[in-house]
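Written below as structure tokens is the structure these notes are about.
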Amino acid sequence: MSFDIIIPFLKPIEHLLMNATISEIMVNPDGSVWIEEKGHILLQPGIRFDDGALLTGLEVIANRFGKKLDADSPIMNLRLPDGSRMAALIPPVVNPRPMMTIRKFTSRNFTIYDLIERRAMTETQAETLTDYVRRGDNLLISGGTGSGKTTLTNVLSSFIPDSERILILEDVAELYIKKPHVISAEAQLDTHKSQIGFTDLLKASLRHMPDRSIVGEIRGPEARVFLASPAAVMSLVCGMLMCLPITGPAAIVAGLVARAQAQRKPHQVGGQGIAAIGIGLGVFNILLWTFA
64 MSFDIIIPFL
74 KPIEHLLMNA
84 TISEIMVNPD
94 GSVWIEEKGH
104 ILLQPGIRFD
114 DGALLTGLEV
124 IANRFGKKLD
134 ADSPIMNLRL
144 PDGSRMAALI
154 PPVVNPRPMM
164 TIRKFTSRNF
174 TIYDLIERRA
184 MTETQAETLT
194 DYVRRGDNLL
204 ISGGTGSGKT
214 TLTNVLSSFI
224 PDSERILILE
234 DVAELYIKKP
244 HVISAEAQLD
254 THKSQIGFTD
264 LLKASLRHMP
274 DRSIVGEIRG
284 PEARVFLASP
294 AAVMSLVCGM
304 LMCLPITGPA
314 AIVAGLVARA
324 QAQRKPHQVG
334 GQGIAAIGIG
344 LGVFNILLWT
354 FA
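One gets the working numbering by counting positions in the sequence shown from 1 and adding 63 to each.
Right, dumping it as structure tokens:
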């Protein structure tokens with residue numbers, strides 16, 4: 064795992080970045096540094112950034128990745144070269160100092176057998192899910208932050224036939240699909256140049272004849288864009304949707320679409336979501352329940 068591009072600007076946490084047992088590093092606006100290690104959140108009392116050092120470092124990192132980070136654009140999300148994710152907020156949306164989170168990408172090589180071995184799913188569930196993917200059914204994967212949506216999507220994508228052309232659409236590149244014919248497109252929402260959103264990506268992507276579309280990070284009204292176009296219905300979808308067992312993925316999608324269409328209620332678009340998705344998976348630390 065290489066963090067060479069950011070270490071010069073984040074020296075106080077260099078040893079945390081290089082520690083393979085640490086999965087997440089969090090720097091809070093009060094200056095405190097926390098880590099997640101083996102499922103436990105731990106304070107690191109001896110680590111501090113000098114005044115102004117973290118903000119300066121984040122601004123340089125943003126510039127290196129072609130991102131815009133300043134008082135007018137105080138939110139940054141990006142993927143590091145090894146696949147890890149970096150997110151930052153700076154004043155005025157947080158105070159008195161910046162907030163930063165780095166989630167290391169530690170599960171890139173997981174297989175379906177790893178998930179079975181870890182009791183994340185049964186052999187029967189694994190067989191059912193892989194059949195869905197091979198058959199080309201539309202899937203929605205939903206769950207909270209850190210629940211394993213990206214890991215599950217990466218694992219299931221390995222069962223897409225090698226002969227198929229796969230298009231990945233994301234707002235922040237996170238998925239790592241190991242297939243011979245993969246094209247990845249990333250929305251440009253926080254750059255110095257004009258914005259390119261999901262709608263723009265969808266229109267452009269349909270001209271490139273994808274057999275499968277994998278869409279990441281559906282969190283708002285953009286759900287309508289994909290459900291409204293039959294030609295663009297996803298073959299495999301990874302959506303960052305907070306999922307509660309009471310409602311389920313279909314209800315969440317209906318809520319997102321309703322937000323995009325102010326005149327409609329969630330129950331009025333629920334059927335549209337179910338028809339377009341087909342199969343929904345709710346993920347809670349890779350524990351699955353489904354609807355058909």
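Every residue, glycine too, gets a C-beta built ideally from N, C-alpha and C.
As the structure is a prediction and not an experimental result, all values here were calculated from the model.
Contact between residue 83 and residue 121 is absent: CB atoms are separated by about 24 Å, not below the 8 Å threshold.
Residue 166 and residue 144 have their C-alpha atoms roughly 13 Å apart.
For residue 100, there is no enclosing alpha helix (DSSP H); the enclosing beta strand (DSSP E) has its first and last residue at 96-100. Around the beta carbon of residue 217, a 10 Å sphere encloses 16 or more other beta carbons of the protein chains shown; the residue is thus reported as buried.
DSSP places residue 120 in the uninterrupted alpha helix (DSSP H) bounded by 116-127. Within the stretch 152-176, the complete beta strand (DSSP E) segments at least 3 residues long are 162-166, listed from N- to C-terminus. Straight-line spacing of the CA atoms in residue 148 and residue 179 works out to 26 Å. Residue state for residue 103 is assigned as strand, using DSSP reduced to three classes. About 6 Å separates the Cβ atoms of residue 268 and residue 248, confirming a contact at the 8 Å cut-off. The beta carbon of residue 100 sits closer than 6 Å to those of 84, 85, all from its chain and outside the five residues before and after it, given in chain order.
Exclusion of the five residues before and after residue 76 leaves 88, 96, 110 as the residues of its chain whose Cβ lies within less than 7 Å of its Cβ. Contact annotation: residue 193 and residue 222 have beta-carbon atoms nearer than 8 Å. For residue 246, the pairing in a beta bridge is given by DSSP as 230.
In the structure shown, residue 237 falls within a coil segment according to DSSP collapsed to helix, strand and coil. CA-to-CA, the gap between residue 205 and residue 129 works out to about 30 Å. Residue range 275-279 is occupied by the beta strand (DSSP E) that includes residue 275. Beta-bridge pairing by DSSP links residue 87 to 99, 166.
As the crow flies, the alpha-carbon of residue 230 is around 15 Å from that of residue 262. Here DSSP, grouped into helix, strand and coil, assigns residue 263 to helix. Spatial neighbours of residue 246 in its own chain (CB-CB distance under 6 Å, excluding positions within 5 residues in sequence) are listed in chain order as 230. Taking C-alpha positions only, residue 90 is separated from residue 270 by approximately 42 Å. Comparing alpha carbon positions, the residue from 114, 201, 277, 250 closest to residue 228 is 277. Excluding five sequence positions before and after residue 244, the CB atoms of its chain that fall closer than 6 Å to its own CB belong to 228, given in chain order. Listed in chain order, the non-local C-beta contacts of residue 251 below 7 Å within the same chain comprise 258, 259, local neighbours out to five positions each way being set aside. Partner residues in a beta bridge of residue 215, as assigned by DSSP, do not exist. Residue 112 and residue 74 have their C-alpha atoms spaced approximately 9 Å apart. Secondary structure at residue 150: strand, using DSSP grouped into helix, strand and coil.
For residue 81, the enclosing alpha helix (DSSP H) has its first and last residue at 77-81. Under the three-state reduction of DSSP output, residue 268 falls in the helix class. Nearest C-alpha to residue 153 among 136, 142, 146: 136. Nearest to residue 71 by alpha-carbon distance, out of 102, 98, 124, is 124.
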